[in-house]
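Chains A and B are the protein sequences, given in the same order. Counting in numbering that gives the first Met the number 0, the first sequence runs without a single skipped number right up to 582 at its last residue. Counting in numbering that gives the first Met the number 0, the second sequence runs without a single skipped number right up to 194 at its last residue.
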Amino acid sequence: MEKLNSIKDLRNLREGLKKGQKTGVSTVVVCGGTGCETFGGRELYESLNNIIKDRELEGKISLKKTGCQGFCERGPLVTLWPTNVFYQKVKESDATKIIDETITNGNVLENLLFTDPLTNKKVTLQSEVPFYKKQRRLVLRLNGVIDPTSIHDYIAAGGYTSLERVLEGMSPEQVIKEVADSGLRGRGGAGFPTGKKWEFVRKATGDIKYIICNGDEGDPGAFMDRSVLEGNPHLVVEGMIIAAYAIGSRKGYFYVRAEYPMAVEHVQRAIDQASELGLLGVDILGKELDLVLEIKKGAGAFVCGEETALIASIEGKRGMPRIRPPYPAISGLWGKPTCINNVETLANVPIIIEKGAKWYSSIGTQGSKGTKVFALAGNVKNTGLVEVPMGTTLREIIFDIGGGIAKGRKFKAAQVGGPSGGCIPEEYLDTPIDYESLQKVGAIMGSGGLIVVDDKTSMVEFARYFMNFVQDESCGKCVPCRIGTRRMLEILSRLLKGEGKESDLDLLMELATHTKETSLCGLGQTAPNPVLSTLRYFRHEYEALLKKTAPPEGTVTEPQEKVKVRHSESAVGTTGTEASQCG
Amino acid sequence: MKKETLRQEAAVELGGLERHIKNLNHRLSRSDLIPLLQYTQDSYGYLPKPALEFISRSTRIPMSRIFGVASFYSQFSFVPKGKFTIKVCVGTACHVRGADKVKSRIGELLGVKDGETTADYRFTLESVACLGTCALGPIVVIGSSKKAEGCCGGEPVKQALSLGDKFYGQVSPEKVQEILGRYTKEEPILSGAGG
Numbered sequence: 000m001e002k003l004n005s006i007k008d009l010r011n012l013r014e015g016l017k018k019g020q021k022t023g024v025s026t027v028v029v030c031g032g033t034g035c036e037t038f039g040g041r042e043l044y045e046s047l048n049n050i051i052k053d054r055e056l057e058g059k060i061s062l063k064k065t066g067c068q069g070f071c072e073r074g075p076l077v078t079l080w081p082t083n084v085f086y087q088k089v090k091e092s093d094a095t096k097i098i099d100e101t102i103t104n105g106n107v108l109e110n111l112l113f114t115d116p117l118t119n120k121k122v123t124l125q126s127e128v129p130f131y132k133k134q135r136r137l138v139l140r141l142n143g144v145i146d147p148t149s150i151h152d153y154i155a156a157g158g159y160t161s162l163e164r165v166l167e168g169m170s171p172e173q174v175i176k177e178v179a180d181s182g183l184r185g186r187g188g189a190g191f192p193t194g195k196k197w198e199f200v201r202k203a204t205g206d207i208k209y210i211i212c213n214g215d216e217g218d219p220g221a222f223m224d225r226s227v228l229e230g231n232p233h234l235v236v237e238g239m240i241i242a243a244y245a246i247g248s249r250k251g252y253f254y255v256r257a258e259y260p261m262a263v264e265h266v267q268r269a270i271d272q273a274s275e276l277g278l279l280g281v282d283i284l285g286k287e288l289d290l291v292l293e294i295k296k297g298a299g300a301f302v303c304g305e306e307t308a309l310i311a312s313i314e315g316k317r318g319m320p321r322i323r324p325p326y327p328a329i330s331g332l333w334g335k336p337t338c339i340n341n342v343e344t345l346a347n348v349p350i351i352i353e354k355g356a357k358w359y360s361s362i363g364t365q366g367s368k369g370t371k372v373f374a375l376a377g378n379v380k381n382t383g384l385v386e387v388p389m390g391t392t393l394r395e396i397i398f399d400i401g402g403g404i405a406k407g408r409k410f411k412a413a414q415v416g417g418p419s420g421g422c423i424p425e426e427y428l429d430t431p432i433d434y435e436s437l438q439k440v441g442a443i444m445g446s447g448g449l450i451v452v453d454d455k456t457s458m459v460e461f462a463r464y465f466m467n468f469v470q471d472e473s474c475g476k477c478v479p480c481r482i483g484t485r486r487m488l489e490i491l492s493r494l495l496k497g498e499g500k501e502s503d504l505d506l507l508m509e510l511a512t513h514t515k516e517t518s519l520c521g522l523g524q525t526a527p528n529p530v531l532s533t534l535r536y537f538r539h540e541y542e543a544l545l546k547k548t549a550p551p552e553g554t555v556t557e558p559q560e561k562v563k564v565r566h567s568e569s570a571v572g573t574t575g576t577e578a579s580q581c582g
Numbered sequence: 000m001k002k003e004t005l006r007q008e009a010a011v012e013l014g015g016l017e018r019h020i021k022n023l024n025h026r027l028s029r030s031d032l033i034p035l036l037q038y039t040q041d042s043y044g045y046l047p048k049p050a051l052e053f054i055s056r057s058t059r060i061p062m063s064r065i066f067g068v069a070s071f072y073s074q075f076s077f078v079p080k081g082k083f084t085i086k087v088c089v090g091t092a093c094h095v096r097g098a099d100k101v102k103s104r105i106g107e108l109l110g111v112k113d114g115e116t117t118a119d120y121r122f123t124l125e126s127v128a129c130l131g132t133c134a135l136g137p138i139v140v141i142g143s144s145k146k147a148e149g150c151c152g153g154e155p156v157k158q159a160l161s162l163g164d165k166f167y168g169q170v171s172p173e174k175v176q177e178i179l180g181r182y183t184k185e186e187p188i189l190s191g192a193g194g
């Protein structure tokens with residue numbers, strides 16, 4: 000790849016790529032997300048490839064592997080262009096038929112079509128599948144369209160045009176203003192206005208400043224950042240370059256969980272390609288802008304999603320948070336002003352620049368603009384990645400997009416925000432979701448994990464599950480979190496064993512409140528949320544346990560000594576492992 | 000968090016680590032520590048004491064600090080692992096779909112508890128918080144480590160399986176025995192997707 004020395008070079012490259020795109024060619028698009036890939040997608044791709052070669056159809060049919068398309072439950076997924084025919088649960092053995100029947104003869108294979116669970120009708124086109132139809136995909140727009148390992152694909156699809164616009168005529172202050180006007184708030188959980196954060200870092204004194212992309216998606220049950228990094232890494236890289244320009248940074252880090260080998264690989268490849276093209280490095284596109292990006296792999300600690308802990312981890316220390324202020328915007332990595340943004344936040348930046356703040360802020364609610372990606376999972380029919388405008392109700396997400404509760408059971412609660420979030424009962428299903436409304440009902444946006452549980456789940460056991468997780472992941476630095484989570488876990492376990500005391504519920508409430516109010520960082524401050532929200536909405540289940548009546552049917556597992564929840568270790572530099580080859 | 004301590008042991012081959020450090024080609028600083036530990040964990044399957052001492056000398060970071068960092072992150076282990084690491088995802092989505100039962104069944108069949116390694120060093124059973132493949136839970140991932148010390152009565156095991164991780168999705172307790180069976184034979188595993 001030849002280095003691009005100016006914006007004109009980039010435009011010429013894009014025009015050339017667009018012209019070079021074959022028109023009228025049938026394309027078989029195979030989802031290459033971790034879900035589809037590991038459950039037969041890789042073999043399917045290989046056999047499609049072989050058949051196309053065998054039949055000498057290379058000129059007529061092109062084959063493409065994209066990032067995660069989101070509808071993981073139904074994987075491996077295949078979409079055919081230009082007809083938009085959508086096949087799901089495709090097996091390796093279906094490859095021949097797809098090529099011979101559908102592409103060559105134009106016959107749709109009924110058995111591979113998706114059946115709408117509500118109407119029991121087969122759906123032929125991807126755009127008609129309810130799961131996709133009701134979404135509004137901005138961040139995920141190109142997931143499922145482009146090959147994430149090819150910068151050319153991204154550029155041809157209009158990638159890096161926002162960077163062009165920024166470098167062509169926007170001052171850093173104008174970029175910050177645009178982002179501030181758009182109303183974009185941090186997608187990592189807390190919802191801090193992004194424009195304001197950038198402004199702080201811009202104004203902070205110091206000639207060295209850092210930009211960090213927080214890809215330490217530690218919430219169990221959340222996988223949207225992973226899918227963005229895997230499926231469209233250049234979007235995040237572009238967002239990072241724009242952010243670096245706005246705040247005046249020349250060095251940036253991607254902090255990615257080591258449990259996500261494919262994300263690490265795709266981001267690395269994106270960085271390498273962008274550097275080769277001159278979109279990273281010195282004098283980017285001939286302008287006075289330098290930026291070097293580097294990946295830091297996480298080593299398995301939930302608390303490292305907290306910004307000061309993440310910084311400590313990059314510095315090579317134990318990932319423990321510290322008291323703020325000073326905020327990282329003033330004194331962050333190695334004491335320098337540092338801007339930390341979540342993956343999804345940065346992925347929104349090129350969209351805002353491209354479409355403008357006014358357009359962006361027209362989506363969403365009063366206080367929360369744009370869209371949010373949720374990882375919909377648990378006892379719901381259609382699990383997968385869902386991107387909806389802020390203000391969409393939980394009912395729409397769970398029942399219209401998610402298809403309702405699996406196995407004909409009844410809805411009990413939606414757990415939003417992972418271990419820091421809360422359980423929302425049926426009566427609040429019609430609450431429009433945004434940062435504020437979720438807080439009001441006792442949950443938080445968090446990073447966007449949305450786990451649906453059905454009526455056979457014991458909510459006390461569910462709370463114990465989260466408490467077990469956070470007490471294990473508590474770094475131990477501050478007492479309220481270290482001891483508080485442990486004590487709450489003990490009480491919950493005691494209750495579940497049927498050995499609860501009358502005073503336990505009050506004690507639990509007191510501990511939860513104190514831990515929330517006095518912990519050092521976000522982990523401890525939000526750790527009691529699952530307990531508080533279940534106490535608020537499902538108190539009768541706690542009381543039932545106290546009365547030693549039979550626990551709610553089902554999932555009460557053996558109270559365990561101490562379950563060692565550990566993050567995956569395999570991923571330590573999985574170079575050469577199968578998991579990392581799937582790119 | 001961790002209760003493991005460093006093992007006293009005989010010398011291990013340090014050539015690879017030495018070359019790796021040389022290839023980094025820059026003066027080591029404190030921020031190199033975690034990547035070096037990740038490399039070591041990957042190469043040996045655990046963190047052998049001599050390797051840590053070597054890192055300590057190279058980076059001039061005292062052993063006490065290295066121990067502090069290594070014991071903090073769950074990715075690192077001070078004891079050798081079995082040839083195959085069975086990771087049961089107990090993330091929320093897998094949990095509500097019955098991951099605990101799957102884990103108990105595996106433990107029952109292998110006679111080990113969470114975090115333990117079988118006596119023949121063939122299997123290590125672990126819980127992991129989330130693998131991000133929530134849609135297909137419960138997930139079990141079986142990975143083979145590059146080095147597995149003392150596996151299978153000291154006899155080096157034929158590397159029949161490719162290195163790397165194999166995902167099994169929507170695993171039920173009933174499926175466990177069949178899945179494990181694939182790893183107790185010496186024949187290469189040909190198929191394997193799904194579960």
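Cβ coordinates follow ideal geometry from the N, Cα and C atoms, glycine included.
A direct Cα-to-Cα measurement between A/HIS233 and B/LEU36 gives close to 29 Å. Below the 7 Å Cβ cutoff, chain A contributes GLU314 and GLY315 as neighbours of B/ARG29, in chain order.
For A/LYS335, no CB of chain B lies under 9 Å from its own CB, so it is not counted at the interface with that chain.
The alpha-carbon separation between A/THR37 and A/LYS500 amounts to approximately 47 Å.
The beta strand (DSSP E) runs of length 3 or more contained entirely in the stretch 368-449 of chain A are, from start to end of the chain, 370-377, 383-388, 410-415 and 421-424.
Between the stretch 503-512 of chain A and the stretch 288-300 of chain A there are fewer than three inter-stretch CB-CB distances shorter than 8 Å, so the stretches are not counted as touching. Apart from the 5 residues on each side of it in sequence, A/LYS2 sits with its Cβ closer than 6 Å to the Cβ of GLY277 in its chain, given in chain order. Within the same chain, and ignoring the five residues on either side of A/GLY158 in sequence, the residues whose Cβ sits closer than 6 Å to its Cβ are HIS233. Within the same chain, and ignoring the five residues on either side of A/ILE50 in sequence, the residues whose Cβ sits closer than 7 Å to its Cβ are ALA94, THR95 and ILE98. Taking 9 Å as the cut-off, the beta carbon of A/ALA221 is found no closer than this to the beta carbon of A/GLU472. With contacts defined by Cβ atoms closer than 9 Å, A/GLU426 and A/GLY187 do not form a contacting pair. Per DSSP, the unbroken alpha helix (DSSP H) holding A/LYS357 starts and ends at 356-360. Taking the C-beta atoms as reference points, A/GLY483 is found no nearer than 9 Å to A/ALA442. The residue among A/LEU9, A/LEU79 and A/VAL255 with its C-alpha nearest the C-alpha of A/SER25 is A/LEU79.
Cβ-Cβ distances below 7 Å link A/ARG408 to ASN378, ASP453, ASP454 and LYS455 in the same chain, with the five nearest sequence neighbours on each side left out; the list follows chain order. Residues of chain A with a Cβ closer than 8 Å to the Cβ of B/VAL68 are, in chain order, GLY315, LYS316 and ARG317. Listed as beta-bridge partners of A/ARG184 by DSSP are A/PRO192. For A/PHE130, the enclosing alpha helix (DSSP H) begins and ends at 129-132.
Per DSSP, A/ILE329 is not a residue of any beta strand (DSSP E), being assigned neither H nor E. Excluding residues up to 5 positions away in sequence, GLY383 and LEU384 lie with their Cβ nearer than 6 Å to the Cβ of A/GLY69 in the same chain. Approximately 7 Å separates the beta-carbon atoms of A/LEU522 and A/VAL469; this is inside 8 Å, confirming the contact.
Between the stretch 430-439 of chain A and the stretch 460-467 of chain A there are fewer than three inter-stretch CB-CB distances shorter than 8 Å, so the stretches are not counted as touching.
Within chain A, no C-beta atom comes less than 7 Å from the C-beta of B/GLY14; the nearest is roughly 18 Å away.
In this structure, A/ILE145 lies near A/THR65, with their beta-carbon atoms less than 9 Å apart. Contact of A/LYS476 with chain B by beta-carbon distance below 7 Å is absent, the smallest such distance being about 11 Å. Non-local beta-carbon contacts of B/LYS100 in its own chain, meaning distances under 7 Å to residues more than five positions away in sequence, involve PRO172 in chain order.
With contacts defined by Cβ atoms closer than 9 Å, A/VAL387 and A/ILE400 form a contacting pair. Inclusion of A/VAL178 and A/ILE351 in the CB contact set at 9 Å is warranted, their separation being smaller than that value. Residue burial is scored here from C-beta neighbours: A/GLU540 has at least 16 other C-beta atoms within 10 angstroms and is therefore classed as buried. For A/LEU79, there is no enclosing alpha helix (DSSP H); the enclosing beta strand (DSSP E) has its first and last residue at 77-80. Closest by C-alpha distance to A/VAL530, out of A/LYS546, A/SER492, A/CYS520 and A/LYS496, is A/SER492. Cβ contact annotation for B/LYS102 (same chain, cutoff 6 Å, sequence separation greater than five): VAL87, in chain order.
Following the DSSP letters along the chain, one finds A/GLY157 in no alpha helix (DSSP H), marked with neither H nor E. Using a CB distance cut-off of 9 Å, A/LYS295 counts as an interface residue toward chain B.
A/GLN438 has a beta carbon lying at 9 Å or more from every beta carbon in chain B. B/ARG56 counts as exposed, since fewer than 16 other C-beta atoms from the protein chains shown sit within 10 angstroms of its C-beta.
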